[in-house]
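First the structure, in the form of structure tokens, and then the observations on it.
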Amino acid sequence: MQQKDSWLLPDGIEEILPEEAKHLESLRRKILDTFACWGYELVIPPFIDYLDSLLTGSGHDLELQTFKLTDQITGEMLGVRADMTPQVARIDAHNLNAEWPTRLCYTGTILHTKGDPLEKTRSPMQIGAELYGHDGKESDVEVIRLMLEMLAMSGLQDVHLDLGHVGIYRALSRQAGLDDAQEAELFDVLQRKARPELQELMAGYSINDELKAMFLKLPQLNGGKETIAKARDILLAANGEVKEALANLEAIADKLTACFPALPISFDLAELRGYHYHTGVVFAAFVPSVGREIARGGRYDNIGAIFGRARPATGFSADLKVLSVLGKASYQNEQRALIFAPYLDDAALNEKIRDLRAEGLAVVQQLPGQTGTAQELGCTSVLEQDHQNWVVRPLASLE
Amino acid sequence: MLTIAVSKGRIYEDALPLLAEAGITPIDDPLTCRKLILRTTRDDVQLVIIRATDVPTFVEYGAADMGIAGKDILLEHGAESLYEPLDLNIACCRLMTAAHKDAPPIAGRVRVATKYVKITQRYFAGLGIQAEIIKLYGSMELAPLVGLSDCIVDLVDTGNTLKANDLEPRDLIMNISSRLVVNKAAMKMKHQAIQTLLDQFEKTLAKRG
Chain A
1 MQQKDSWLLP DGIEEILPEE AKHLESLRRK ILDTFACWGY ELVIPPFIDY LDSLLTGSGH
61 DLELQTFKLT DQITGEMLGV RADMTPQVAR IDAHNLNAEW PTRLCYTGTI LHTKGDPLEK
121 TRSPMQIGAE LYGHDGKESD VEVIRLMLEM LAMSGLQDVH LDLGHVGIYR ALSRQAGLDD
181 AQEAELFDVL QRKARPELQE LMAGYSINDE LKAMFLKLPQ LNGGKETIAK ARDILLAANG
241 EVKEALANLE AIADKLTACF PALPISFDLA ELRGYHYHTG VVFAAFVPSV GREIARGGRY
301 DNIGAIFGRA RPATGFSADL KVLSVLGKAS YQNEQRALIF APYLDDAALN EKIRDLRAEG
361 LAVVQQLPGQ TGTAQELGCT SVLEQDHQNW VVRPLASLE
Chain B
1 MLTIAVSKGR IYEDALPLLA EAGITPIDDP LTCRKLILRT TRDDVQLVII RATDVPTFVE
61 YGAADMGIAG KDILLEHGAE SLYEPLDLNI ACCRLMTAAH KDAPPIAGRV RVATKYVKIT
121 QRYFAGLGIQ AEIIKLYGSM ELAPLVGLSD CIVDLVDTGN TLKANDLEPR DLIMNISSRL
181 VVNKAAMKMK HQAIQTLLDQ FEKTLAKRG
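Just so you know, the protein sequences line up as chains A and B, in that order.
Here the first sequence is numbered in UniProt numbering, starting from 1 and rising by one per residue.
Here the second sequence is numbered in UniProt numbering, starting from 1 and rising by one per residue.
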């Protein structure tokens with residue numbers, strides 16, 4: 001690399017400068033404090049881990065997304081986490097071992113080998129919360145409410161919630177006896193709601209017409225509240241699992257509407273985000289002007305089995321950097337007072353500075369021979385000697 | 001407001017009657033005016049006129065809520081982050097290999113000139129043929145004539161350009177038509193408006209048979 005390019009960063013890696021960092025950090029603290037108020041305890045999983053354990057359970061989708069390196073001590077393969085959720089599931093299953101519901105939250109940088117096709121970033125700052133040990137809709141509702149709380153706190157307006165249920169597609173595929181290859185190609189087509197291709201696929205499958213008709217209608221089962229009724233009608237011949245899933249979705253939506261009467265909720269029964277590890281309801285939050293979801297989650301029961309203990313689980317996560325950027329407009333830039341102190345070998349001055357800092361005020365002390373005035377350093381007031389005392393004077397009044 | 005991305009040329013022309021059936025007729029003519037955003041007879045719908053290859057990009061970012069793009073473009077772009085609910089059956093053509101009319105059949109390693117790098121790679125890999133791909137941006141037909149490549153992969157409509165250059169179509173890779181694509185977030189947040197349009201398009205398509 002040329003010397004003159006040495007300030008360039010790798011693709012999808014960014015640095016965050018003071019103003020952004022201040023906003024992001026204050027948001028991070030506010031969100032974590034809220035999680036704590038809801039009883040979610042912070043855990044800090046390692047940044048780097050055995051590749052095998054990063055990829056177990058929920059991690060299979062992440063194989064290509066994970067940066068890999070060799071442990072120079074043991075020769076084993078290590079990975080840099082591409083998602084913290086499996087790590088947190090392991091903590092619940094293996095380390096905490098509680099018999100009752102466990103609530104955990106986490107935040108940290110994750111790395112992706114391939115940038116997200118839209119966001120382009122390869123180093124999101126993941127923030128999320130997970131609830132283990134309860135398999136009812138009440139825990140799903142709790143985490144969705146917490147996710148909405150997090151978005152509101154980020155200053156996002158007009159949030160829109162989308163609900164789906166991977167159990168519906170899974171039950172239909174099982175009922176149709178699809179093999180893995182068929183299930184995978186059908187998955188790809190449904191993700192794109194590509195109805196022409198779906199028709200071609202169905203023409204080639206030897207499953208009964210009733211099931212074919214249900215698969216063909218799946219990409220159209222999206223929209224408002226009426227979707228559930230429509231689905232009951234169209235999926236009439238489906239097995240009990242599908243009916244249970246629909247009832248589950250409806251109950252969750254009703255409870256959420258009771259909490260947030262103004263929240264727009266849509267349903268999408270062909271939405272299979274995280275299909276390989278989710279087991280029940282899946283949800284995502286959208287805001288106008290962003291072409292994709294900004295926070296996502298869902299139920300993923302029994303992930304912990306691989307770590308020694310199967311537990312029901314539900315949770316969500318988001319990229320804190322995205323939340324910070326989107327919410328910036330509504331963020332009141334409370335200009336923090338910054339006091340400029342002269343450089344003097346004066347005990348009274350030093351004591352005053354110590355006191356001010358102890359009160360939580362920011363004081364920047366001049367260095368001998370430095371350039372830059374108090375204004376240029378962004379200070380709002382200065383420390384001045386008034387007779388025997390050091391007093392803080394606002395800068396504006398000096399002029 | 002719904003924004004629909006359409007590319008200039010054949011797709012635009014073929015899409016006009018379909019849009020008209022849904023009550024959408026551009027007020028500005030892209031041929032005479034230089035505007036890139038066209039108002040339409042419906043207050044809540046506008047068209048953006050962009051390059052064909054940019055349609056998936058505009059739609060996946062949500063810069064346009066919907067778009068009309070050839071299946072060739074979608075396959076080459078990789079369209080997992082879009083919905084493509086309808087085959088509009090317009091701007092139909094074939095994606096084919098073509099070679100000089102006297103050229104021997106492909107044997108061993110082959111040099112292919114194309115603008116569809118990913119599709120071509122996948123196609124020859126599927127046949128178990130080692131292909132060396134040369135990316136060109138236009139005038140594909142020239143490549144075999146000047147010895148740049150053994151064959152080309154390109155869209156074939158009438159086949160007249162091929163014939164005029166002593167080339168002949170060889171193998172069909174796939175039939176191409178234009179698809180309606182929809183942004184994922186828009187499908188959820190502007191569901192009513194988009195679903196209504198989808199239904200109208202579908203009705204028109206059914207009438208055409």
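Positions of the beta carbon are idealized from the N, C-alpha and C atoms, including for glycine.
Since residue i meets chain A, which of its residues come closer than 8 angstroms, beta carbon to beta carbon?
i, result
"GLY62 of chain B", "SER289, VAL290, GLY291, ARG292"
"ASP14 of chain B", "What ASP14 of chain B touches in chain A: nothing, since even the nearest Cβ is about 17 angstroms away."
Helix, strand or coil: how does DSSP classify residue i here?
i, result
"PHE260 of chain A", "coil"
"LYS230 of chain A", "helix"
"GLU399 of chain A", "With a pLDDT of 45 at GLU399 of chain A, under the threshold of 50, the modelled position of that residue is not reliable, and the figure given next carries that caveat. In this structure, GLU399 of chain A counts as coil in the three-state DSSP scheme."
"CYS379 of chain A", "coil"
"VAL290 of chain A", "coil"
"ASP171 of chain B", "strand"
"ALA206 of chain B", "helix"
"TYR277 of chain A", "coil"
"GLY298 of chain A", "strand"
"THR85 of chain A", "helix"
"GLN385 of chain A", "strand"
"GLY164 of chain A", "strand"
"ARG393 of chain A", "strand"
"LEU323 of chain A", "helix"
Spatial neighbours of residue i within its chain, please: C-beta separation below 8 angstroms, excluding the five flanking residues on both sides.
i, result
"ALA206 of chain B", "none"
"LEU398 of chain A", "A caution first: LEU398 of chain A carries a pLDDT of 46, below 50, which makes its placement in the model unreliable, though a value can still be read off. Answer for LEU398 of chain A: VAL382, listed in chain order."
"ALA143 of chain B", "ALA113, ILE134, LEU136, SER149, ILE152"
"LEU24 of chain A", "ILE16, MET125, LEU320, LYS321, SER324"
"ASP65 of chain B", "LEU2, THR3, ILE4, VAL59, VAL182, ASN183, ALA186, LYS190, ILE194"
With which residues is residue i paired in a DSSP beta bridge?
i, result
"PRO124 of chain A", "DSSP lists no partner for PRO124 of chain A."
"HIS112 of chain A", "For HIS112 of chain A, which the question treats as bridged, DSSP gives no partner whatsoever."
"LYS135 of chain B", "B:THR114"
"ALA69 of chain B", "B:ARG179"
"ARG103 of chain A", "A:LEU131"
"GLY39 of chain A", "Partner(s): none; GLY39 of chain A has no beta bridge."
"PRO26 of chain B", "B:THR40"
"SER7 of chain B", "B:ILE50"
"GLN365 of chain A", "A:ALA341"
"LYS68 of chain A", "A:GLY79"
Residue i versus chain B: which residues are under 8 angstroms apart at the beta carbon?
i, result
"ARG192 of chain A", "ALA79, GLU80, LEU82, TYR83, GLU84"
"HIS278 of chain A", "Residues of chain B passing the Cβ test: none, with the nearest at roughly 17 angstroms."
"LEU118 of chain A", "GLU60, TYR61, SER81"
"PHE283 of chain A", "Under the 8 angstroms cutoff, chain B gives no residues; its nearest Cβ is about 11 angstroms from PHE283 of chain A."
"LEU286 of chain A", "Looking at the sequence itself, residue 286 of chain A is Phe, so the reference to Leu does not match. Going along chain B in sequence order, the residues near PHE286 of chain A (Cβ under 8 angstroms) are ALA185, LYS188, MET189."
Take residue i and list the residues in its own chain whose beta-carbon comes closer than 6 angstroms to its own, dropping the five residues that flank it on each side.
i, result
"ASP71 of chain A", "LEU78"
"THR97 of chain B", "CYS151, VAL153, ARG170, ASP171"
"CYS105 of chain A", "PHE35, TYR40, LEU42, ALA129"
Below 9 angstroms on C-beta distance, what does residue i contact in chain A?
i, result
"ASN183 of chain B", "GLY291, ARG292"
"HIS191 of chain B", "ASN222, GLY223, GLY224, SER266"
In chain order, what residues of the same chain have a beta carbon less than 7 angstroms from the beta carbon of residue i, not counting five sequence neighbours either side?
i, result
"ARG179 of chain B", "ALA69, LYS71, LEU74, GLU84, LEU86, ASP87, LEU88"
"LEU395 of chain A", "ALA374, GLN375, CYS379, THR380, SER381, VAL382"
"VAL141 of chain A", "ILE252, LYS255, LEU256"
"LEU118 of chain A", "GLY291, ARG292"
"ARG111 of chain B", "GLU132, ILE134, SER149, ASP150"
"ILE228 of chain A", "LEU246, LEU249, GLU250, PHE267"
Count the other C-beta atoms from every protein chain shown that fall within 10 angstroms of the C-beta of residue i, then say buried if there are 16 or more, exposed otherwise.
i, result
"ALA347 of chain A", "exposed"
"SER289 of chain A", "exposed"
"MET214 of chain A", "buried"
"ILE73 of chain A", "exposed"
"LEU2 of chain B", "buried"
"GLN87 of chain A", "buried"
"LEU186 of chain A", "buried"
"VAL146 of chain B", "exposed"
"ILE13 of chain A", "exposed"
"SER7 of chain B", "buried"
"LYS137 of chain A", "buried"
"PHE307 of chain A", "buried"
"ARG192 of chain A", "buried"
"THR66 of chain A", "buried"
So which residues on chain B does residue i lean against when the C-beta distance must stay under 7 angstroms?
i, result
"HIS160 of chain A", "LYS188, MET189"
"PRO196 of chain A", "ASP87"
"PRO219 of chain A", "PRO85"
"PHE340 of chain A", "Under the 7 angstroms cutoff, chain B gives no residues; its nearest Cβ is about 45 angstroms from PHE340 of chain A."
Quick one: list the residues of chain A neighbouring residue i, beta-carbon separation under 7 angstroms, in chain order.
i, result
"GLN195 of chain B", "GLY223"
For chain C, check one thing: does any of its Cβ atoms lie closer than 8 angstroms to the Cβ of residue i?
i, result
"PHE47 of chain A", "Although the question refers to chain C, the structure presented lacks it and instead comprises the protein chains A and B."
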